[in-house]
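**Student:** Following this message is one structure expressed as structure tokens.
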Amino acid sequence: SATTAARVFPASTIPGLDTGGTGSQLVLVTVGGNPDVKPEKLKSWSAGILVEPRALPGFTVTVDLNVIREDGEIVGLVDLLFSDFPRFAALYPDSIDYSAGGSNPFNADIAIDARARNIAEAESRSWDATIEYEWKAMQSFDVCLLTRISSQRLLRRRAAPTADWDDNTGLTAFVPNRLGVLNQLAIERGALIVGFTSRYMSSYETSTDSELGGGTGTSRVPSQLYHDGYVSYRWSENAFTRMSTEMRLG
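Structure below.
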């Protein structure tokens, strides 16, 4: 089993910390393994559609839907504690002891248990769609045009069977973004490949607490757009040279 460790932190290192009126300057945080953790139970199902029209050889469309349901999901609490204390306190109030003074050798008035634990339930739903078209141009060039769209429509958790669902969709602690789009064009002739890639990521939240947004009054990161161009040459089956450049817009 993983090792459990306790460490004292200044209260100022935990943004948004509520000292519970103790005025404490020290916080004892326990991290690491938890002997009470039980195995996760996972149920999932997926469905997909593949379309390859005979009238258009090389053209493919696929759509996949994925649903995952977890009972007793094991979640580490350290990142959440130091990134969004108000949310940590709302989800795991029993992990905070405001009367710890004198019960530990560090004289910390607040003790927080941030060890891994089983949460009651977690559910995610996502879908992916890919459109790909390959054809031969001028009898010499193999061309591939691809678009892939990925969307996380739902990611929710609750810390106890009677607790309200907590929507984590678009929150970086669990999933990068709600929507991602990849566009790619590759032109190949023999061992030489020239390509261009464009990637889009929708905006996302770094925290549910707007006060943690670096003084900006918001924790939202704007959408981002990346462009990559590359040239690749394959010398042999196991050796190739690649040069690329990237431009980011956001």
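Using this note's numbering, the first residue of the sequence shown is number 12, and each one after it goes up by one. Built from N, CA and C at the ideal position, the CB exists for glycine as well.
Could you give the uninterrupted runs of the beta strand (DSSP E) lying entirely in the stretch 112-198, keeping only those of 3 residues or more?
**Tutor:** For the stretch 112-198, whole beta strand (DSSP E) runs of length 3 or above, ordered along the chain, are 121-124, 132-148 and 152-169.
**Student:** Report the three-state DSSP secondary structure of S106 (helix, strand or coil).
**Tutor:** helix
**Student:** Compare the C-alpha of H238 against each of M212, S55 and S135 and name the closest.
**Tutor:** M212
**Student:** Rounded to whole angstroms, what is the Cα-Cα separation between W246 and L203?
**Tutor:** 9 Å
**Student:** Would I142 and I123 be called neighbours here (beta carbons separated by less than 8 Å)?
**Tutor:** Cβ atoms of I142 and I123: not closer than 8 Å.
**Student:** Which residues bound the alpha helix (DSSP H) around V89?
**Tutor:** V89 to S94
**Student:** Counting pairs of Cβ atoms below 8 Å between the stretch 79-88 and the stretch 48-64, do you hit three or more?
**Tutor:** yes
**Student:** Contact check, E63 vs E84 under 8 Å by CB: the rounded distance?
**Tutor:** E63 to E84, Cβ: 37 Å. No contact.
**Student:** How big is the Cα-Cα spacing for G225 and E199?
**Tutor:** Because G225 carries a pLDDT of 44, less than 50, the predicted location of this residue cannot be relied on, and the following value inherits that uncertainty. Distance between the alpha carbons of G225 and E199: 46 Å.
**Student:** List the endpoints of the continuous beta strand (DSSP E) containing G43.
**Tutor:** L37 to G43
**Student:** Which of the three DSSP states is assigned to G228 in this structure?
**Tutor:** Note that G228 has pLDDT 46, beneath the 50 cutoff, so the model's placement of it is unreliable and the number below is only indicative. DSSP places G228 in coil when its eight states are reduced to three.
**Student:** Please work out which residues of its chain come closer than 6 Å, Cβ to Cβ, to T208, disregarding the five sequence neighbours upstream and downstream, and give them in chain order.
**Tutor:** Q195 and D239
**Student:** According to DSSP, what are the bridge partners of T30?
**Tutor:** None, per the DSSP bridge assignment.
**Student:** What's the C-alpha gap between Q150 and G201?
**Tutor:** 12 Å
**Student:** Please report how far the alpha carbon of P46 lies from the alpha carbon of T14, in whole angstroms.
**Tutor:** 10 Å
**Student:** Can you give me the Cβ contacts of I160 inside the same chain, cut-off strictly under 6 Å, excluding the 5 residues immediately before and after it?
**Tutor:** Hits under 6 Å: A140 and V192.
**Student:** Could you give the C-beta distance for F20 and V42, rounded to a whole number, given that I count them as a contact under 8 Å?
**Tutor:** Going by Cβ atoms, the distance from F20 to V42 rounds to 11 Å, so no, they are not a contact pair.
**Student:** What is the C-beta distance between V48 and A127, in whole angstroms, given that I count them as a contact (C-beta under 8 Å)?
**Tutor:** Going by Cβ atoms, the distance from V48 to A127 rounds to 6 Å, so yes, they are a contact pair.
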